[in-house]
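Numbering (our numbering), first residue to last: 47 to 292. Glycine residues also receive a C-beta, built at the ideal position from the N, C-alpha and C atoms. Accompanying notes for the structure given below.
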Ligand SMILES: NC(=O)c1ccc[n+]([C@@H]2O[C@H](COP(=O)([O-])OP(=O)(O)OC[C@H]3O[C@@H](n4cnc5c(N)ncnc54)[C@H](OP(=O)(O)O)[C@@H]3O)[C@@H](O)[C@H]2O)c1
């Protein structure tokens with residue numbers, strides 16, 4: 047599980063731990079990984095969870111990840127690529143191209159390359175009949191506030207899902223994306239969204255509330271624990287009824 051030290055990734059890791067699955071928690075910052083690990087071990091006694099501090103957008107992480115997984119002697123039955131970030135928008139129409147390019151590069155690196163490095167390094171170690179889940183966003187359909195690169199990067203994952211589903215279908219490996227709407231209680235927006243923006247996002251849902259990381263965790267768990275199922279090459283939206291075009 048990449049992006050396992052916070053928010054949706056941490057909640058999803060906990061869901062697998064409750065099922066007695068062995069889970070490798072991957073994120074960059076060791077301290078946050080350790081805190082997440084302690085939290086999961088405290089709420090799921092006997093949880094079989096291990097940390098691995100890696101920048102998944104760094105191509106050098108591929109060998110480290112593969113070696114670590116190989117050393118367990120186990121095949122990978124589920125790979126969930128939850129690492130992601132919303133880069134700062136330059137927020138200007140002054141014609142200054144460089145900061146906009148930086149935002150787009152950062153968005154692609156954090157949200158696309160993290161998935162590509164994880165998937166391509168572990169595909170040879172995947173169990174036939176396993177599952178891969180990538181994490182998109184409602185932003186892939188309607189953009190996200192003032193940032194252009196984030197939604198575009200998430201949309202790029204959709205095409206990768208279709209490619210992988212075709213490549214890995216003969217091995218009975220299902221590949222799907224989960225595209226959440228606004229999920230509160232994560233670190234994705236730093237200190238949180240401005241109150242007015244959060245209220246607007248909640249108003250746009252049919253259920254009248256923000257998502258919770260646990261709402262999203264259930265779907266990732268389902269998609270990986272139903273190997274051999276007929277759901278593959280899909281982008282599954284979990285957004286409380288917030289219309290992508292709203
Ligand atoms: N929260 C929402 O409203 C929402 C909505 C739609 C989609 N999503 C997507 O859902 C996923 C999880 O979001 P979240 O809200 O749970 O975010 P979060 O709380 O900020 O967690 C992001 C996780 O990704 C890790 N990460 C970021 N860059 C990484 C890298 N280069 N290599 C390895 N790990 C990295 C972070 O740890 P380190 O920083 O220590 O690496 C952290 O564990 C993301 O892909 C996000 O785009 C979230």
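Secondary structure note for residue 123: its beta strand (DSSP E) is the uninterrupted segment 122-127. Closest by C-alpha distance to residue 114, out of 276, 198, 98, 128, is 98.
Proximity to residue 281 across 206, 287, 96 peaks at 206, based on C-alpha coordinates. One Cα belongs to residue 208, the other to residue 111, and the distance between them is close to 24 Å.
The alpha carbon of residue 289 has as its nearest neighbour, out of 146, 60, 228, 171, the alpha carbon of 228.
Within its own chain, the residues whose Cβ lies closer than 8 Å to the Cβ of residue 262, once the five positions on either side in sequence are excluded, are 54, 57, 58, 224, 226, 229, 284, listed in chain order. Residue 63: member of the alpha helix (DSSP H) spanning 53-64, first to last residue. With respect to residue 80, residue 127 sits apart: the two C-beta atoms are not nearer than 8 Å. Under DSSP, residue 89 forms no beta bridge with any residue. Measuring C-alpha to C-alpha distances from residue 180 to each of 169, 190, 165, 187 identifies 165 as the nearest.
Note on the segment 161-198: whole alpha helix (DSSP H) runs with a minimum of 4 residues are 185-188, in chain order. Beyond the five residues adjoining it in sequence on each side, residue 221 comes within less than 7 Å, by CB distance, of 178, 207, 210, 211, 214, 278, 279 in the same chain, given in chain order. For residue 174, the closest of 137, 202, 121 by C-alpha to C-alpha distance is 121.
The alpha-carbon of residue 251 is positioned some 5 Å away from that of residue 286.
Exclusion of the five residues before and after residue 107 leaves 100, 101, 163 as the residues of its chain whose Cβ lies within less than 7 Å of its Cβ. Going by C-alpha positions, residue 194 is about 10 Å away from residue 134.
Excluding residues up to 5 positions away in sequence, 197 lie with their Cβ nearer than 7 Å to the Cβ of residue 189 in the same chain. Annotated three-state conformation of residue 222 is strand, per DSSP. With contacts defined as CB atoms closer than 8 Å, residue 103 and residue 156 qualify as a contacting pair. When C-alpha distances from residue 71 are compared across 267, 256, 87, 51, the shortest belongs to 51.
Less than 8 Å separates the beta-carbon of residue 93 from that of residue 63.
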